[in-house]
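In what follows, a structure is listed as structure tokens, so that the remarks can point back to it.
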Amino acid sequence: MTVTGDDVTSRRGRDETEEERADRMWVELIQEVRVAQTGVQILFGFLLTVVFQQKYDTLGATDKTIYIVTVVLGATATGALIGPVSLHRLVSGRRVKPQAVRWASRLTFVGLVLLLATMTASLLLILRVATHDAFVPWLVALVVLWYALCWFVLPLWTRRRYTSR
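In this text, residue positions in the sequence shown follow our numbering: the first is 204, and each later residue adds one.
Listed below in structure tokens is the structure:
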């Protein structure tokens with residue numbers, strides 16, 4: 204609590220400068236990016252090997268198109284999730300950390316959306332090849348809803364519910 208004369212004001216949060224806040228947020232962001240980068244890099248590495256498998260030649264045109272879209276999505280997700288590291292390296296020491304954190308955060312969010320799209324397309328392709336049943340799109344939709352709930356809905360609900368104005 205901060206007491207100013209007769210005025211009592213309740214404070215929430217940390218007592219830190221803009222630079223200290225940027226430093227803390229940068230460390231937190233890099234930890235988050237490490238988790239997402241690992242996942243996207245493993246998935247992307249796997250996708251790169253598929254085209255060299257014998258089964259690839261037997262895929263129909265639709266499955267090959269899904270594969271190509273998936274690889275491009277994986278490449279763009281990788282770029283967006285590695286982007287914050289490059290951004291930090293290129294602006295380090297330039298006294299623009301608060302701005303760098305904002306841009307890195309945006310890149311990370313874009314990377315997560317692209318990772319969601321990559322995982323959706325990958326799942327669609329794998330399930331189409333594994334089984335040609337009509338339930339595949341429904342199963343993929345359920346998994347995408349689960350990802351959306353875990354990655355976006357729950358965090359946004361938490362932010363709205365527990366953030367004071």
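Ideal placement from N, C-alpha and C gives every residue a C-beta, glycine not left out. Note that the structure is a prediction, hence the values are computed from the model and not measured.
Closest by C-alpha distance to residue i, when choosing among the options
i	options	result
residue 309	283, 262 and 338	283
residue 224	367, 276, 301 and 259	301
residue 244	234, 272, 219 and 285	285
residue 249	347, 325 and 335	325
residue 315	288, 242, 363 and 255	242
residue 273	321, 327 and 296	321
For residue j and residue i, believed in contact at Cβ under 8 Å, the rounded distance
i	j	result
residue 339	residue 323	With 8 Å as the limit, residue 339 and residue 323 do not qualify as a contact, their Cβ atoms being about 12 Å apart.
residue 279	residue 317	5 Å
residue 311	residue 235	7 Å
residue 350	residue 319	6 Å
Extent of the continuous alpha helix (DSSP H) to which residue i belongs
i	result
residue 217	Taken as a continuous stretch (DSSP letters only), residue 217 belongs to no alpha helix (DSSP H), as it is neither H nor E.
residue 286	264-294
residue 300	300-333
residue 356	First-last for residue 356: undefined, no H or E at that position.
Residue i versus residue j - alpha carbon distance
i	j	result
residue 354	residue 331	25 Å
residue 257	residue 264	16 Å
residue 221	residue 337	54 Å
residue 240	residue 217	29 Å
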